[in-house]
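2 protein chains.
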Amino acid sequence: MDSLAPWKILSTRTVYSAPPWIEVSLQKLELPCGKIVGDYHQVATPEYTLIFAETEDSRVLLIRQYKHGMREVAWTFPAGLMEPGEEPLASAQRELLEETGCHSPEWISLGSSVPNANYGCGKAHFFHAKNCKQVASPNAGDLEEMEIVSVSKNELRRMLLDGEFKISGMIAIAALVLLRESAA
Amino acid sequence: MDSLAPWKILSTRTVYSAPPWIEVSLQKLELPCGKIVGDYHQVATPEYTLIFAETEDSRVLLIRQYKHGMREVAWTFPAGLMEPGEEPLASAQRELLEETGCHSPEWISLGSSVPNANYGCGKAHFFHAKNCKQVASPNAGDLEEMEIVSVSKNELRRMLLDGEFKISGMIAIAALVLLRESAA
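And the structure:
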């Protein structure tokens, strides 16, 4: 297992920084075999939450929104960046309320994941919010023009298997919940 | 649907560039509502392939490897960056051979996804390679110390549902294949 030991960070130099959005750094690393890598990038972006929100009648809340990184309108789940000092669960509860006006009495953590295992790029925290109930009007931020749609789990499964979802974290959480329930 | 129209790019300025690894740019955008956003980042990293490689006896090839972006040893699938001008399928076939020494006669595209819908960060192309057969020794690049392990699909499902996988794209492709087969 020695060869799988962590790489040693010899130095870190920030090459681009625009807080709180992104910081790019360049690291000098020593690998377990002794090899020196002089220019390995790390990209830090804010952590975020992604929420599989299910209503009392077992429908799943989807958001349809233009996503500029994809240059297209895409399906996603309620999601948002964590604020400094915020815990994942509190952040997910705030985002669900802001984006959909919903409250959930039952939150299940589905773990967390990184979008890019080499660079980092902002950890995602996955939650399944059950028995969601509308308690307010949606009140998202300025950039977030969106449509909220609810679908049955059968329809969600069809959309997923037909390739209609094109964001890695979203595919991950949707497939994970559906798989978990099919295994139960 | 008007409010879901694409954002107009008024200008793009590269703020950090280290080809072929990463380019960060800052865009001035006009939203459908007329609002101007002066400093929206885009992060371009190479596209890559991720392969669900299944042997003739239905075992799935996993790779255990230190991933520096996570600072830990993680499970992943055979994967790798696409070379300039390379097609996704050809890239996936090359990576599978390099990393595992395996050849597959049967490749199924499972679509593609982006790790970060706002910034971009390198599209992933997912493939299911069936009936993989060992035809050579693994011959990965210098940085890639790894162990190759094969597991049954039941074991893969257990690992997935127990949260042992921590890379978004990897969770996505694994859950997608298992869900597809449970739906078949």
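Quick mapping for you: the protein sequence lines, in order, are chains A and B.
The C-terminal position of the first sequence is numbered 781 in our numbering, with every residue numbered one higher than the one before it.
The C-terminal position of the second sequence is numbered 781 in our numbering, with every residue numbered one higher than the one before it.
Cβ coordinates follow ideal geometry from the N, Cα and C atoms, glycine included.
Short Cβ contact (7 Å threshold) for residue i with residue j
{"i": "B:I660", "j": "B:M743", "result": "yes"}
{"i": "B:W805", "j": "B:A733", "result": "Since the displayed chain B opens at 598 and closes at 781, residue 805 of chain B lies outside it and no answer follows."}
{"i": "A:S614", "j": "A:Q639", "result": "no"}
{"i": "A:C729", "j": "A:C699", "result": "yes"}
{"i": "B:A769", "j": "A:A650", "result": "no"}
{"i": "A:V612", "j": "A:V748", "result": "no"}
{"i": "B:T642", "j": "B:P675", "result": "no"}
{"i": "A:L753", "j": "B:L776", "result": "no"}
{"i": "B:L601", "j": "A:V670", "result": "yes"}
{"i": "B:A737", "j": "B:E695", "result": "yes"}
Close-in-space but distant-in-sequence residues of the same chain around residue i (CB under 8 Å, 5 per side omitted)
{"i": "B:P685", "result": "E644, T646, M679, S706, S709, H722 and F724"}
{"i": "A:Q662", "result": "V670, A671, T673, E741, E742, M743 and E744"}
Classification of residue i by the beta-carbon crowding that lies within 10 angstroms, buried from 16 upward
{"i": "B:E778", "result": "exposed"}
{"i": "B:S688", "result": "buried"}
{"i": "A:L607", "result": "exposed"}
{"i": "B:G677", "result": "buried"}
{"i": "A:V711", "result": "buried"}
{"i": "B:E715", "result": "The question names Glu, yet the displayed sequence has Asn at residue 715 of chain B. B:N715 comes out buried."}
{"i": "B:G666", "result": "buried"}
{"i": "A:T609", "result": "exposed"}
{"i": "B:Q731", "result": "exposed"}
{"i": "B:K720", "result": "buried"}
Where the alpha helix (DSSP H) containing residue i begins and where it ends
{"i": "B:T697", "result": "P685 to T697"}
{"i": "A:R755", "result": "K750 to L758"}
Alpha carbon of residue i to alpha carbon of residue j, nearest angstrom
{"i": "A:W618", "j": "A:Q624", "result": "20 Å"}
{"i": "A:M598", "j": "B:K664", "result": "Because the pLDDT of A:M598 is 45, which lies under 50, any placement of that residue in the model is unreliable, and the number read from its coordinates should be weighed accordingly. Computed Cα separation, rounded: 14 Å."}
{"i": "A:P735", "j": "A:F762", "result": "23 Å"}
{"i": "B:R668", "j": "B:G631", "result": "43 Å"}
{"i": "A:N713", "j": "A:M767", "result": "15 Å"}
{"i": "B:Y637", "j": "A:P702", "result": "35 Å"}
{"i": "A:V864", "j": "B:K605", "result": "The requested residue 864 of chain A does not occur in the structure, where chain A is confined to residues 598 to 781."}
{"i": "A:R691", "j": "A:P681", "result": "14 Å"}
Own chain residues within Cβ distance below 6 Å of residue i, not counting five before or after
{"i": "A:T652", "result": "C729"}
{"i": "A:G635", "result": "K625"}
Limits of the beta strand (DSSP E) - the one that residue i falls within
{"i": "A:G677", "result": "A676 to L678"}
{"i": "B:I764", "result": "B:I764 -> no beta strand (DSSP E), and no H or E assigned at all."}
{"i": "B:D636", "result": "I633 to A641"}
Own chain partners of residue i with C-beta closer than 7 Å, once the 5 adjacent residues on each side are dropped
{"i": "A:A772", "result": "L757"}
{"i": "B:S765", "result": "P712"}
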